[in-house]
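Comments concern the structure below.
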Amino acid sequence: MPHHRLSRGQQALRAPPVPPRPPTMAARPRMRALLWKGLPMNALSRGLRAALMLLSLGVGSAAFAANSYFLQIPNMPGDSTVKGHEDWTVIDSFSWGVSNTDGGKAAFDDLGWTQRVDSSTPLLFVAVATGTHLGKVTLDVLLPGTQLSFFQMIFEGSVATQLSLAGSGDIPQASAAISSGTRVTMRYRPQDAKGGFGPWVEGVFNLSTNTPTITFEGDPTVLSGLFASGAAVNFDASAITMVPEPATAGLLLAGLGLTGVWRLSRRRRA
């Protein structure tokens, strides 16, 4: 039979469809912004705006379910052998939040996490029992399948508050927590459309007990690290005092939204 060469149009029709590429971490905030642009914002109630914000952030959390988490507590070496995180504790999930129920000073939750029992667990047990001050505790979040850190939380003035153990087949599990302490520093490296990282940005919450409100200083972009880590955000802005840049403060308040509870949680690693 004679061979008939297909035209480019016929080849295109026969070719299987190419699945769309998932958006990069940098593209997702822009997509959310476009979704907001298309809505008649002046017609939306505040409650509906809050629900839409939580929904849009929830979509991001599912996409980053495979991030890796490491915790470093001074003088409590863990069992990690990952390059750059040797002797850290590998954690499976973590949670943290802030609430303000009476319009006064906000209350930050303890940082809680789950992990397999490792060499740090007996030392943490003693720290909880004795109320030991821990020094500077660092939580590091890495992109899936890489050794690239893109978000960190650093707690100062913390104490160990809870540890419980549970059997799970041949691998015992631990659930633990530390207080948020007196100062929480967040660091974030924004990712561009090509997958590269920009410089670190930083923001600090001052939780000192001798101040009437919690204060925030630094770059509000750092909170995008929470979103990329899978955050569901509902912030009580009245509990946070901005220091000292009004323009920056306005950006943060606009991005954080309404009253309630801020909860960050991650799934258990497979």
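Residue numbering for the sequence shown follows the UniProt record's numbering, starting at 1 and increasing by one per position. Beta carbons: idealized from backbone N, C-alpha and C, even for Gly.
Pairwise C-alpha distance: residue j and residue i
i	j	result
threonine 101	alanine 193	40 Å
serine 120	proline 77	5 Å
glycine 167	alanine 174	9 Å
glycine 135	isoleucine 171	29 Å
isoleucine 154	threonine 185	5 Å
proline 220	alanine 228	14 Å
threonine 209	glycine 169	43 Å
glycine 84	threonine 132	27 Å
glutamate 86	aspartate 92	17 Å
valine 159	phenylalanine 108	14 Å
phenylalanine 216	alanine 176	27 Å
glycine 257	phenylalanine 150	Caution applies to glycine 257, whose pLDDT of 39 falls short of 50 and renders its modelled position unreliable; the value that the coordinates give is listed next. Glycine 257 and phenylalanine 150: Cα-Cα distance of roughly 24 Å.
leucine 71	aspartate 79	11 Å
threonine 130	glycine 103	34 Å
proline 122	glycine 157	21 Å
proline 212	aspartate 110	20 Å
valine 201	leucine 207	20 Å
leucine 124	arginine 183	21 Å
alanine 50	valine 222	Legend: pLDDT at alanine 50 = 41, less than 50; position of this residue unreliable, no value from coordinates given.
Contact under 8 Å by Cβ, residue i with residue j
i	j	result
serine 164	tyrosine 188	no
threonine 138	glutamine 147	no
isoleucine 178	alanine 106	no
glycine 112	serine 95	yes
asparagine 67	proline 190	no
valine 141	tyrosine 69	yes
glycine 203	glycine 218	yes
valine 117	threonine 161	no
Buried or exposed by the 16-neighbour rule on C-beta atoms within 10 Å, applied to residue i
i	result
threonine 89	buried
proline 74	exposed
valine 82	exposed
threonine 114	buried
glycine 195	exposed
glycine 181	buried
leucine 226	buried
glycine 97	buried
One or two residues paired with residue i in a DSSP bridge
i	result
aspartate 102	Answer by DSSP bridge pairing: none, since aspartate 102 is not bridged.
alanine 107	Ser99
residue 329	The question about residue 329 has no answer, for the chain in this structure spans 1 to 270.
tryptophan 113	Phe94 and Ala176
aspartate 79	According to DSSP, aspartate 79 bridges with nothing at all.
glutamine 147	Glutamine 147 is not bridged to any residue.
phenylalanine 70	Val90 and Asp140
Cβ of residue i within 8 Å of any chain C Cβ
i	result
lysine 83	In the structure shown, chain C cannot be found, because there is only a single protein chain.
**Asked** Can you give, in chain order, each stretch of the beta strand (DSSP E) that sits fully within the stretch 149-236 and has at least 3 residues?
**Response** 149-166, 173-178, 183-188, 201-206 and 214-218
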